[in-house]
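To start, the structure under review is shown below, and the notes come after it.
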Amino acid sequence: MARNQNIMCVVFICIFHVNPLSGKIFSRSLSEFRLFQQPSVLFNNDNMNLRTKRSSNSSENSTTDHADVFHSQKNNLSTTSFALHGEIDNEAFVHWSGENNDTVFVLTRSHRHGAVHSSTLWRSIDYGESYSKINLPQLFTVSYMYSSLADKSKIILSDLIQRQLYITEDTGQTWKHVKLNFSPYRILLHPSIANFILAYSLREMKLYVSKDFGATWKLMMERVTERFFWAVDGVDHNPNIVHMELQDPMGPVTYFACIAPNCDKAEYDKTLGTIDFYSLVVENEYIFVQKSTDDLTSFFVSYKRGPFKRAYFPSNLTPLDFNIVDTSDHQVFIAVDHEEDIANLYLSDVTGQFYVMSVENVVGLRYPGKFDVDLVKVKGLNGIYIINKFETSRVDGGVFSQRTYITFNKGGMWKLLSAPEESKQNCMDTEKCNLHLHIGNTNQFFRIPMAVCTEEAPGLILAHGSVGEFLDMDSHVFISRDAGFTWKAAPFKGNHFLNIMDQGSAISAVAAHGLPTNQVHFSCTEGASWVTHNITSSEMNVDGVVNEPGIKTLISSVFGHMNSSNGWVMVKMDFGSVLDRKCGFDDFELWQPSADLVENNVRCIMGENVVYERRKQLSECYYGADYFRPKSAQICSCEREDFECDFGYDVGTDGTTCIKSAWFKEDQFPGPHCINGKYNHSKGYRKVAASKCNGGKESKYLPVETDCPLLAPRGITIYSEKKCIQRGVNVTFRLTQESGSADETVYTWTFGNESSPVTIKGLHNAASITTSFSTIGKYNITVLAVNSKGTAQAVLPIHVEEGLKGVLVEIPWGARTGMPSYFNVTVLGSDNITKLGKEQSLHFAWHFENKMTGDIRQLTWQNVIQQEFNEPGEYKLTLNVFNSVSSVFYTQSVEVYDDMTTVRLHFSEEINNYNSSSLNVRQALAEILCHNLAQILEIRRSRIIMSVPPTQPVVGDLTVLPPKRDINETETYQVVEMLIDQAKQQYLAFPLFTSDDIVIITDAGILDLRTGAESSTIPPPPATVTVMVPVHVNVTTVQEKHSLVAVYISVPVLISVIGLAVAIIFYYRKKLKSHKKYYPIVKHRSRIHHDSTCSCGEEDILGLEDPDDSIIPDSEYPDNQPTLMILNEPRSSRTERSPDRVGLVNC
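Numbering (the working numbering), first residue to last: 18 to 1164.
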């Protein structure tokens, strides 16, 4: 990612400090990126200096409102000032839309107490001479401003609070308003594909993607941290790859990569395991992460998207924090903050794995959530860096013991900066008289503007500093036009905003921070001479200076305040009126940077003798936007300067020889890479990665081919993509070894299960093995590495869990109002097994939904939930059951009643021959009972719910639901009365397995669900209202006589009818015994569909053909299986396997 991000060319004028990051690995590229795209205020007008940022990427919005305009052309410098009237905002963002574009945007904001309260956007189309105000949508407050690297006419404004975007694709001529369903805390534009954008919701930790520059959005990934990166051109195989950190709900963080927009599978190292939160950094060909334990912090790197490998530093110090300072030229400059209260700068090999000391005790500062050091790369030339280091400890010496050093071979050797000759007269000891610069730490504390250099003006450096033995606060402006070899002091004093224009043909300095001024100092001779000019009619407080990215124009903008009560003032400075002649052939010269090193017997820089064309210092002309700087390079022969000390070696006392470090033990680090028994043995030197030299003294310093030694294996580690594994699914384990011999070592894998150990010779063959586990549980994967020099062992504990395939939801006694209703869940694994083990980590997410009463949500770790309903009606139950490897989604409608009755049934002892703890048996018993009782009681099957608890002796609970009022149905009390009466008379008998296998219902009673007690008392019938109508009857003696006659006649008839009924009953009882209907118990649960319930209609689901004559009870099922209830109209059950990239629950 590095500096090629879509960072806007803006300047911040701010009053709050940056929000801290919580992380262990930092990167300057991340810091610069956040500077322009985070809502946090980075600088304080009262106590912080202002940094001026430039970028090759720009394009933003413009605004205007007529205001006071001041024109001046004194001494030929043309200036125009423009006051932005409106609210008094305390922040301003100034942005040029891009190279060769005359559009400038200014965003002003009121940012206080961590929030943006108001904002105004201005746009200029004449290089900042005048501005017009852009009309933002109503209630739109700009939180962020982004511009595209790939298309500089595209700009996005974001509003976090109102969740909306304001987008232009034509540099602000037209705008599009987009409303979102998430808050876009951070937006990351693609570096090369203009329309692809990532947006991040901080609160939801969700990453969204757009393919049409923000017009529409799609959720790409959940549980993402703020560390995510687009692919790096030329390194990643697909430009749409997104690298990201994922955080598991239980806490662990992992590295993940996929291809936008659908998050398609991407190849990446899955053996890394968990990493530290906020530690992922992607820059150029490197990916960095950090892994920490209680007592060890380790740094890992992937080179060219290969496997992650542990990085090694000199082991005599303990690292705390890492800051990736630079990854250019195929090498990593990294600053490390050590536990010993010192910071060192290290330089890697090409792979980024092995680091050597470049400079000790570098000046570093640990901010809240950040660590950085004083280091500046001289842009435009390879291998030149400037650093500050403490000559005494930072505790004893503090800020005033700093000295400035420069390197011309990327940290191989450092030297003090030479002081200007005219400044040495102020030194008491000329032997200790050097130039020292403010390049980081002191700039922040003492509000000193940063050093300025740019690729478009190679060799030109503007900086603040002092001359003496150490750096002090009496800073002045110094200029170098030869990449830091020599320096010249400016004739004015104090701190100034420094600026380079037109590839170096003009430079300017404006008094900074708290010093009211209306003057600019400028030079058209690279500091040989200076001119002072008044840019405004009255003094102003300058907050910053900025110009076009690419610095190919002679126009720059100064912005600030006339006083604290006025708004912003923009001043356009056009140096085209000073330099009105374009440079010709005679105005140029050839410059060879290495020529300045001849006195040190160094004729090349990084193995090249590069010759640049540049303007002669005293030729006052301009380059022009179409100027292309020619340069030529000649490869040099290799010298000592093209080599640095190898890992495990330090520079000797002579300053050139590399000697072996006392702490370095070869057998404690990764062994040599042997090919055909040979490896390259280091002589203590390694070639600087960026050096292009060839021949010369290469043979003196390059490694020599040597026979591979036999070393004991050390540091073997087993990796797996997941530590929670699904039963029966293949899993691959990988093995790595930090040091020792690999080819002659024998590795034995054991898996802690019934499988035999696997023995393999050679790490290359043993590095990966695939197996599966047939039983759930905890296992230890072990590898033993053995050769004649020693042994090493690694152990990886894993947890094997069942893949969830379905669920059975039971409501044993139905759902009713006014009392708890119980819901039991039986979870089905592969092959419909229900024994998932005591160690199975199951989570149950319950959701009851009702249009009238709203939603009820609960999360449980048990398979039983108790829910009380206040209102009757239909509820929708949604259940998500998940473990570490899979999940099951289930929905069902649940009818809640005001009143229902549950009857407990008791059976003859024959039923106890069957194992009621078996889900298969209980399911079959419940279905047989449910099916037959519905027919005998002559009611709808959907009116009864049958459950068979896993108890001995076996009982059954039959719940009778209320009748429907729109049809003529038997009342509940009547059904219950009939059931209890026939049960007590033992009229109810059913065949179970064979025609002679009869089970009789021997008793029944009303079950009190609150106490569990049984009662024979029949519930009273519902109260009815009788209307009494008065009737007046005249009674006579004749009528009484007629009534008596009727009684005499009816009594004998009634007796006859009763006798006939008794005879018929005995006849049919005998008939029932001789003609029993056969209902087999189904051995396999799959034979009874999960939708086979007491409410499934009139189809006889047990009327199966070719019944199984034998039943094998599931005796291994635990006794605590939940009560079985035939399901009440389940709507759907869907199995969801956890995505390979993320474990749902951490074991």
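Virtual Cβ for every residue (Gly too), placed ideally from N, Cα, C.
By Cβ distance, which residues of its chain are closer than 7 angstroms to residue i, with the 5 residues on each side in sequence left out?
i	result
aspartate 1014	Glu927, Pro1008
glutamate 556	Pro533, Thr534, Asn535
valine 1055	Note that valine 1055 has pLDDT 35, beneath the 50 cutoff, so the model's placement of it is unreliable and the number below is only indicative. There are no such residues.
aspartate 519	Ile568, Lys569, Thr570, Leu571, Tyr639, Tyr640
serine 200	Leu177, Arg180, Ser218, Arg220
How far does the alpha helix (DSSP H) with residue i in it reach, from first residue to last?
i	result
cysteine 947	936-953
methionine 995	989-1001
histidine 781	780-783
phenylalanine 462	458-463
glutamate 885	No alpha helix (DSSP H) contains glutamate 885, which is instead part of the beta strand (DSSP E) from 881-885.
tyrosine 329	First-last for tyrosine 329: undefined, no H or E at that position.
glutamate 715	715-718
Give a yes or no on whether 8 angstroms exceeds the smallest Cβ distance from residue i to chain B.
i	result
aspartate 106	Among the protein chains of the structure shown there is no chain B, as only one such chain exists.
For residue i, which option in the options has the closest C-alpha, if you only look at C-alpha atoms?
i	options	result
proline 774	Ala759, Ile798, Met467	Ile798
proline 979	Gln991, Pro970, Cys675	Gln991
leucine 876	Asn867, Phe899, Met869, Ser678	Phe899
alanine 707	Lys427, Lys326, Glu356	Lys427
glutamate 986	Thr976, Ala1000, Glu955, Val972	Glu955
isoleucine 997	Asp983, Leu975, Gly531, Ile984	Leu975
tyrosine 272	Thr288, Asn257, Pro266, Phe861	Thr288
isoleucine 401	Arg464, Phe462, Cys470, Pro466	Cys470
Cβ of residue i within 8 angstroms of Cβ of residue j?
i	j	result
leucine 813	serine 737	yes
valine 527	alanine 507	no
aspartate 389	valine 379	no
alanine 232	valine 195	yes
threonine 749	serine 785	yes
phenylalanine 99	tyrosine 148	yes
histidine 923	threonine 1019	yes
isoleucine 478	glycine 511	no
lysine 695	threonine 723	yes
asparagine 451	serine 440	no
alanine 679	arginine 731	no
serine 540	isoleucine 517	no
serine 136	asparagine 107	no
asparagine 880	valine 938	no
tyrosine 183	leucine 197	no
tyrosine 629	proline 466	no
Could you name the residues of the same chain whose beta carbon sits closer than 8 angstroms to that of residue i, not counting the 5 residues immediately before and after it, in chain order?
i	result
asparagine 255	Ala248, Ile276, Ala283
threonine 1041	At threonine 1041 the pLDDT is 46, less than 50, meaning the model places this residue with poor confidence and gives no usable figure here.
valine 824	Val842, Thr843, Val844, Leu845, Leu896, Val898, Val905, Tyr907, Ser1150
Would you please state the rounded distance, in angstroms, between the beta carbons of residue i and residue j? I believe it to be under 8 angstroms.
i	j	result
asparagine 747	threonine 787	5 angstroms
leucine 728	glutamine 754	Not quite, the Cβ-Cβ distance comes to about 10 angstroms (not below 8 angstroms), so this is no contact.
valine 121	tyrosine 144	7 angstroms
serine 170	aspartate 187	6 angstroms
glutamine 370	tyrosine 329	7 angstroms
alanine 216	tryptophan 234	7 angstroms
valine 299	phenylalanine 325	Wrong, their Cβ atoms sit about 13 angstroms apart, outside the cutoff.
Spatial neighbours of residue i within its chain, please: C-beta separation below 6 angstroms, excluding the five flanking residues on both sides.
i	result
proline 1069	Annotation note: pLDDT 49 at proline 1069 (below 50); position unreliable, coordinate value reported separately. Cβ neighbours of proline 1069 beyond the five flanking positions: none.
glutamate 565	Trp113
methionine 238	Leu224, Cys280
glutamate 912	Glu891
Could you give the residue range of the beta strand (DSSP E) that holds residue i?
i	result
lysine 196	193-196
tyrosine 372	372-376
glutamate 755	748-756
serine 910	903-914
tyrosine 183	181-185
glutamate 722	721-724
lysine 432	432-435
isoleucine 258	258-264
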